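Everything on this sheet refers to the single structure shown next.
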Amino acid sequence: MMHSLIKENTNDNIRFFISLFLSHALLLPFKKFAILLSLFLADACPVGDRPCRPVGAAPARPLLLVRAAAAVRLQPALPLQPRGGEGCGVRVRALLVVSCKHRGLRERAAVAEDNLVTLDLGHNALAEAPLHALRRLRHLQWLNLQSNHVHELRRRDWDELSRTVQLRSLFLGDNRVKTLRDGVFSNLTELATLELDRNLLSSIAGSPFPASLTRLNLAHNLLEHLPRHALRHLRFLEALFLGGNLLKTLPDTWFLPARRIDQLDLSRNLMNYLPEKLFNGSVNLRDLHMEFNFITELPVGLFRSVSVERLSLANNRLATIEEHVFADVQNLRGTLEVLDLSGNRFDRVPSSALRTTERLSRLSLQDNHIHSIHSSDFEWWGRNLTTLSLANNGIKTLSEDAPTLEVLELSSALGQRFFPLELIRHMKRVQWLQLDHNQMLNLTDSYLQGLPALVHFDMEGNRIGHITPGFFKERIHHKLNRVVLAHNDLTAVDSGTFKNLSRLSNVVMLGNKIDVLRRGAFRDLPRLHSIVLSRNRVSRIHAGAFSNLPKLSSLLLQHNNLTSFSLDCLHNSGSGSLLLNISQNALVSVRVGQVVGNEPPNKTLDYGVRTLDVSHNRLAEIDDQFLSSIGSSLFNLQLSYNEITTIVGVLNNLEALQTFHAEHNAISNISSGVFQSSPGLQVIVLGGNKIEAIEEFAFGNLTKLRIVDLSRNQISALPDDAFENTALERLNLSFNNLSGCECSSLLSVTTTLRVLDLSGNRILSVSAEQFNGFSSLQALNLSRNQLVIISDDSFGGLSQLTHLDLAHNPLFTTTSTYLLPLKTLETLSLRNCSLTRLPTLPLKRLASLDVAENFLSNVSTEALRHLKGLRKLDLSGNRLECVPRHLWQFLPLLHSLDLSANPIASLSTDSFDGAQGLQALDIRRLQLKFLDPRSLHGLRFLNSLRTTSYGSVRSFRLQELVSQLHSLRRVLVEVEEPVLSHQLQWAFGAKLTELTVTGRHLRVIFPDALLGLHGSHELVLRLTGTSIRRLPAGLLQYLADVRYLTLDLRGNLLSSIGPEVLRPPAGEDAGFWRGTQHLAGGIRLEDNPWVCDCRLLWLSRWLRRWLRETLRVQMLNFDAAIYVHNLARQSECTYPGGHMRKPLIDLREEDLQCTSSSTHPLSTHLWSTLLVVVAVRTML
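The opening residue of the sequence shown carries number 1 in full-length UniProt numbering; numbering runs sequentially from there.
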């Protein structure tokens, strides 16, 4: 947005961009903001007789960052007339007031700035559009009101605004608007862009939109139908977004008068039928999106007189396309270039329907049921085809009639374990070849001979055990850039396998069985910059294994079996910024090693290592010569989780070092001068060691030092000059043996220190004036000490403190006196301090207050009457017997409230009167005797609710409690009963994105327990922290409409799970279910007592398929892909006997002795059903 604002005002005499936002640092009152603004503008105006600067002479795009108090409303604009600026005429053109939680805008706000063109009021708490305050902004063109609480749009207000203001762009997304009335925007005759996405729109009356619109966004609302005439005046419309609604179809003849539309998005609806005359005449569409619907057929004539360039019908239920669907589409023949039919039910290429698509260049048929590609499939229409995706099919034959192909994706597509050369040998123009996950066994040197244009070659997830030397040929594959051989059965990389491939840049061999890297395994590759060998079995690396690789910048060897590592494996390799990762091995030594080649024995080699990670090994010491050999370029050093006892000498000669991590070792002492050889150090992390003593001047003279972590050691004192002459900003001393705040040791950094963590020590008191002089400190953590006394003026010097944590201290009583100096405090935690009453809190800027787990039986009005800016209040775990509704009138900005675990006996219709702005509410574990189902109906902005099922409350139904909560996005239900059956049925609306069901009493879940959750497009379903041992067949049967479902089953008592649990509803064919589309978000399975047996083989196969499809669809970068791989392996099972564990995703048939009956889904289903019946009868 900053870019757009600057671009819009490029030609202005003065370019100003003012941003008012919350910060954890400096907070300025509004008057000080005006003074700073005046000083800033002074440079643009005349001083004395000097004339104003000419156009373009002002500083380019100046940026003033001002922190304004969260609860302050915009005041009437002060004159922006700097000193000596008579007649200067400076005006602000663009103004941002975002994330300030403003609830209103005074009518005379910014009146003086009638030149304002751009106004951003997004992410506040506006309950209505402040149009009366804006009507005098005659030049206003761009208005952002997104992410507020606007719930109604009144035509008379917008009509009044239109008399003086000619808006061109209006953003109202992420509000609470439920309906659009006829003509509401019709008088905004210059409006071109209107964004109304992510509201609660369920109805559109008449024609609410102005004819001038070029872009209309109605996505992610609750529209079940679209009136025929709603868009009839939009002749200039270029982009229309209707995705993510509840549309089941469109009007038989809807009026869409625009003749040229760049983007029409109908995706992620519930459409199963499209009318034949949908477009009603000639229209040119560049992009038409209809993916993620339930379309089973395309009516003949649907695209009559329509031209489309890019058409997506992915993830529908199409099995065929009638021959004449495109027959009359004269324009389509010359325009359709991209067609996505992935995720449907085709068993053959719909070639007869595609014969008119002469320009088609990219076609995706992945995730279908196609077994054969015949020569006739590409006749007439396939001449220009350059991209063909057939991933996740069962291809056995492939036609030779597609010689123009440049991209061929056959991931999980082949129906055999061997790779017939005939499939691709004729495709001489193929540049991108995906053959991953096809169970192919070996590669011989003739396979790729006919592919001279190959750039990308992916064979991940096959069964390849060997690559014949000469498989990649220099004279043929001189364009090859990327080779992916991850997750195969390779045991070695032969010398010269990749030799002299002049353009090779990336080699990925993650997750194989390679145990030795021989000399010359990677050599003579002038452009190779990334080698990934993680998660192999590498135990030895020969000298010169990586030879003559001048551009090498990333070598990843983590998760192997190395016990030693020598730099001599890198011969003439490294770009000067090498990332070398040898973490997660079993290293006991690292060394320089022998000289390779003809180098003189005394020559000092520069390996160019910039980042070295040797964490999670068994190193007791680091060879000095090893580090000195890479010291000139080393910026980042990771030694964490080893067995190092001292760091003396470790940093010698590491002059360029900037970050040093050595946490969780056995270091006992920090001696003076240990870091002096690395004057550029900025971050030092030494947490989790055995440090008892820190010598004088230990960190002294590190002038760039910003962050030091000494947590979880045995430090009892700090020397006074420990941080002398540093720029320390963050210091973590938590969980040591300190008995005092050590403020005298920090006097040298009082002006730079911003964050100080002293939690988990033995501090008994904070004495008077102890923090005097700490004028820059913003966050102070004193939690989990033994504090009983805090002197009245203890915090007097903390003029900029925004966060104070005093939780888990035995204070028993507290006074407001020591809080008085903390004028800027935003967050205060007094959790578990044994408090019986709250004093008056004189903290006008406080935004978050945590007083949970105390002994409060009442919270007085006097205690909180100054907290008008409070947004988050945690009262959980106290002794409140009723809802403190007398407080709500004093907390107008409150949006998060936790009342859980109190002995509150009733919730009535007036319990939350005055707290209508609540967005998050926790009412779990109350001692309710009465719960009025209307008690939450006034909380129309509530998007997060945590509650107990309250089975003991008479006639209570969760559905009635939340029936009016249309904004609800996230719900957690703690089930008290042993059986989950009807409690959640039909309870939640279509906006629900996350549902968590938990409770240790819960042992059985019925198959129809989730009935009524079908309306959501994207849902995270969590069944966590229960005592469930078995899940019923058809658990997800009512979630067929959820197009992106994530299932979280962590923390239960599951030992096995059958495929029938995850199977989609009855009627879905087996082929469709074999994919992972139904659970596109994946499944989490950790913290269950899974048993490694034959019944889990199907799950292992499913997890592997989900992983490869996710990595392909999401196109994650390598770091993200590694993270997903590691996450998938956190779910482990235990072999019978309990002595061996294995990741579920790695469980394979050869690891077990299975019979066909032991893996048959029916046997699992019957066993699961019997257990459910037995469990229910036992409870009854």
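For every residue, glycine included, the Cβ atom is placed at its ideal position computed from N, Cα and C.
Predicted model, so just to flag it, every value in this text is computed and none were measured.
Specify the secondary structure class of residue i as computed by DSSP and reduced to three states.
i            : result
W380         : coil
N1126        : helix
residue 1187 : The question about residue 1187 has no answer here: the residues shown for the chain are numbered 1 through 1180.
Y447         : coil
C1092        : coil
S564         : strand
E1060        : helix
H529         : coil
C882         : coil
Q916         : coil
E409         : strand
F855         : coil
I1145        : helix
R53          : Caution applies to R53, whose pLDDT of 31 falls short of 50 and renders its modelled position unreliable; the model cannot decide the point.
A1048        : Contrary to the premise, residue 1048 reads as Asp rather than Ala in this sequence. It is a strand residue.
Report back the beta-carbon spacing between residue i and residue j to the nearest angstrom; my notes put them in contact at under 8 Å.
i            : j    : result
residue 1262 : N617 : Residue 1262 lies beyond the stretch modelled for the chain, which goes from 1 to 1180, so this question has no answer here.
D709         : L686 : 6 Å
L887         : L918 : Not a contact, Cβ separation roughly 12 Å.
residue 1203 : K513 : Residue 1203 lies beyond the range of the chain shown here (1 to 1180); nothing can be said about it.
I541         : F565 : 7 Å
F171         : L145 : 6 Å
L302         : E276 : 6 Å
P719         : S745 : 6 Å
L341         : L360 : Not a contact, Cβ separation roughly 11 Å.
Taking the C-alpha atoms as reference points, what is the distance between residue i and residue j?
i     : j     : result
R518  : G544  : 8 Å
L1031 : S1016 : 22 Å
L480  : V1020 : 41 Å
S389  : L408  : 6 Å
S162  : I707  : 54 Å
M509  : F294  : 39 Å
D157  : R176  : 17 Å
F812  : P884  : 22 Å
F522  : V1091 : 41 Å
L961  : R845  : 34 Å
E1060 : A1033 : 5 Å
L270  : L196  : 20 Å
I694  : R871  : 42 Å
V150  : N701  : 55 Å
R831  : R784  : 10 Å
D568  : V592  : 6 Å
L820  : L843  : 7 Å
L864  : S791  : 22 Å
V683  : D613  : 15 Å
R482  : L501  : 10 Å
P933  : D913  : 15 Å
D793  : S816  : 11 Å
N636  : L119  : 43 Å
I467  : G496  : 11 Å
Please tell me whether residue i has its Cβ less than 8 Å away from any Cβ of chain C.
i    : result
I295 : This model lacks chain C altogether, as it is built from one protein chain only.
Q | Those runs of the beta strand (DSSP E) which lie wholly inside the region 614-685 and span at least 3 residues | A | The DSSP assignment places 636-638, 659-661, 683-685 as complete runs of the beta strand (DSSP E) inside the region 614-685, in order along the chain (cut-off: 3 residues).
Q: Counting only runs of 3+ residues fully inside the region 714-761, write out the beta strand (DSSP E) ranges in chain order.
A: As summarised for the region 714-761, the continuous beta strand (DSSP E) elements at least 3 residues long and confined to that stretch are 730-732, 755-757, given in chain order.
Q) Does the region 954-969 touch the region 889-905, meaning 3 or more C-beta pairs lie closer than 8 Å? A) Remark: fewer than three beta-carbon pairs, one from each stretch, lie closer than 8 Å, so the region 889-905 and the region 954-969 are not flagged as touching.
Q) Counting pairs of Cβ atoms below 8 Å between the region 938-956 and the region 158-173, do you hit three or more? A) The region 938-956, when compared against the region 158-173, does not touch it at the 8 Å Cβ threshold.
Q) What are the uninterrupted segments assigned as beta strand (DSSP E) that are 3 or more residues long and contained completely in the region 262-335, given in chain order? A) DSSP runs (the beta strand (DSSP E)) wholly in the region 262-335: 283-289, 306-312.
Q) Is the region 349-363 touching the region 379-389 in the sense that three or more CB pairs, one from each, lie closer than 8 Å? A) The region 379-389 and the region 349-363 touch, with no fewer than 3 CB-CB distances between them shorter than 8 Å.
Q: Return the chain-ordered ranges of every beta strand (DSSP E) run that is complete within the region 981-1016 and spans a minimum of 3 residues.
A: Taken in chain order, the unbroken stretches of beta strand (DSSP E) that lie wholly in the region 981-1016 and span 3 residues or more are 994-999.
Q. Just checking, does the region 966-986 make contact with the region 180-193 on the three C-beta pairs under 8 Å criterion?
A. In short, these stretches do not touch, since the Cβ pair count stays below three.
(Q) Please give the ranges of any alpha helix (DSSP H) in the region 492-559, keeping only runs that are unbroken, at least 4 residues long and fully inside the region. (A) List check, alpha helix (DSSP H) in window: nothing returned.
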